[in-house]
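Residue numbers (this note's numbering), protein chains in the order written: chain L, 1 to 194; chain Z, 1001 to 1194. Comments concern the structure below.
Number of protein chains: 2
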Amino acid sequence: MDNYNLLQENIRKRIEVTEDEMSYFIFLLQQKKYSRKELILRESEISHNFTFIVSGCVKSYLIDNKGEEHILTIAPSDWWITDINSFVSGTPGNLFLEALEPTTALLLSREKQELLLAKIPKFEKYFRILTEKAFAVSQQRIIDYMSLTALERLEKFVASYPSVISSLTQQQIASYIGVTPSFFSRMIKGKKIF
Amino acid sequence: MDNYNLLQENIRKRIEVTEDEMSYFIFLLQQKKYSRKELILRESEISHNFTFIVSGCVKSYLIDNKGEEHILTIAPSDWWITDINSFVSGTPGNLFLEALEPTTALLLSREKQELLLAKIPKFEKYFRILTEKAFAVSQQRIIDYMSLTALERLEKFVASYPSVISSLTQQQIASYIGVTPSFFSRMIKGKKIF
DNA sequence: CATCTCAGTTGACCTAGGTCATTTTTCAAA
DNA sequence: TTTGAAAAATGACCTAGGTCAACTGAGATG
């Protein structure tokens, strides 16, 4: 199984496409490998690509004006990730993207995406569905932030992404759920969470 | 100018459509009027519709397990609103939708949307763009929640939605930015925010 | 005009989570 | 196998924001 299989399945789960259509999509992609801790995107750069994770894991995060890092999303394999704000507007974003482990990814640039969608409008549906799902997840995250305690958010995170947990440090999980590492440590003391 | 003009402009800002295509979209819509405080959607109902606000204002909110209300989004005229989670999955959601003032809306049901997209795939693009934008806004909201103080979030909210402020109570603004009404009151004391 | 309800304010006190510096543990690289 | 750096734990203290109840005030309703 090559590096495109995972993406092909991901697409076929959502829309029906012919071999030719699929080939054209794949033809537009650029494959890249990143080593652990390698930066894929820096703050104030324009996010030119939609990035599909074939293997490995990537986080997006921002550095606030106190210098604190906050993890926004964590993308394991079979997920797309980008700085959506920057990607959509074509303006510099405020997110970093960084590989958490050795990662293989497929990049679809905005221009290539436009080519793709112009030539095979069917893929509009694929991206609409992806974006709807991402939007729904993002909304739920806001809800959780407003209505759950840190411990509840942690439990939910662990339940939602059990496979990702092991490749994350406590600091990273703390950052994702929105607490400091030291509070996180105290919070889980005595409890068996993982 | 009738009730469909606003939507037509909204669409034409994003994609090019013929009169016929536009007419078909409009043909699928159901127009509804809501009075102040009228519930459009209740928790644990399925959100069958995408709702376009022609005039008035609608909020989406949830009630957490302590009985507290949290406002998730506020949609003034020219915006779409729904419980995206429920709408996309077709399962019962956990949001309420409520008119904040007398409101005229255009409803597009999931089935009608599917008809529309099947017949005129061009509209896929319209909904993809809408959803991308909504997703970007949602992501930014999470970022703000993680990295700003309550006062900073308030200032940002006021700057972003100046026209909406006047039709909201302090309690509602407090709920949107995620603080209690009493803290909100203290927080703005002495400051001229509005 | 009276009253009722609900938004907003305020006082007194509380707590979830933050800060910062120090220590201990883990784990990758030489 | 050692070593060095980063992750995690922890003590002492701090603060943003919450809680709850009492009070004020203004617009709606009779």
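Cβ atoms here follow ideal geometry from the backbone N, Cα and C, with glycine treated the same way.
{"query": "Identity of the residue in Z:Pro1181, Z:Val1158, Z:His1070 nearest L:Gln140 by Cα", "result": "Z:His1070"}
{"query": "Own chain, CB closer than 6 Å to Z:Ile1026, minus 5 neighbours either side, in chain order", "result": "Tyr1004"}
{"query": "Completely contained alpha helix (DSSP H) runs for the stretch 1005-1051 of chain Z, where each covers 4 or more residues", "result": "1005-1012, 1019-1028"}
{"query": "Where L:Phe157 sits in the DSSP three-state scheme", "result": "helix"}
{"query": "Proximal residues of chain Z, C-beta to C-beta of L:Thr131 below 7 Å", "result": "Arg1128, Thr1131, Glu1132, Phe1135"}
{"query": "Pick from L:Ala105, L:Val88, L:Ile165 that is closest to L:Gln113, judged by C-alpha positions", "result": "L:Val88"}
{"query": "Contact list for the stretch 1132-1161 of chain Z against chain L, Cβ threshold 9 Å", "result": "Glu1132, Lys1133, Ala1134, Phe1135, Ala1136, Val1137, Ser1138, Gln1139, Gln1140, Arg1141, Ile1142, Ile1143, Tyr1145, Met1146, Ser1147, Leu1148"}
{"query": "Beta-carbon neighbours of L:His70, restricted to chain Z and to distances below 8 Å", "result": "Ile1143, Met1146, Ser1147"}
{"query": "Meets three-Cβ-pair contact criterion under 8 Å: the stretch 30-47 of chain L and the stretch 97-116 of chain L", "result": "yes"}
{"query": "Cβ-based neighbour list, L:Arg153, same chain, cut-off 6 Å, excluding 5 preceding and 5 following", "result": "Asp144, Ile177"}
{"query": "Inter-residue CB distance, L:Ile81 and L:Thr51 (contact presumed, cutoff 8 Å)", "result": "5 Å"}
{"query": "Backbone CA spacing between L:Asp201 and L:Ile15 [nearest angstrom]", "result": "Past the boundaries of the shown model lies residue 201 of chain L; chain L is included only from 1 to 194, so the question cannot be answered."}
{"query": "Residues near L:Ala174 by beta carbon distance below 7 Å, same chain, minus five either side", "result": "Thr180, Pro181, Phe184"}
{"query": "C-beta atoms of L:Phe127 and Z:Arg1128 nearer than 8 Å", "result": "yes"}
{"query": "Three-state class that DSSP yields for L:Ile165 in the structure shown", "result": "helix"}
{"query": "Whole-angstrom C-beta distance between L:Thr104 and L:Val164, which should lie under 8 Å", "result": "Wrong, their Cβ atoms sit about 17 Å apart, outside the cutoff."}
{"query": "Pairwise C-alpha distance: L:Leu6 and L:Gln31", "result": "13 Å"}
{"query": "Backbone secondary structure at Z:Leu1117 - three-state DSSP", "result": "helix"}
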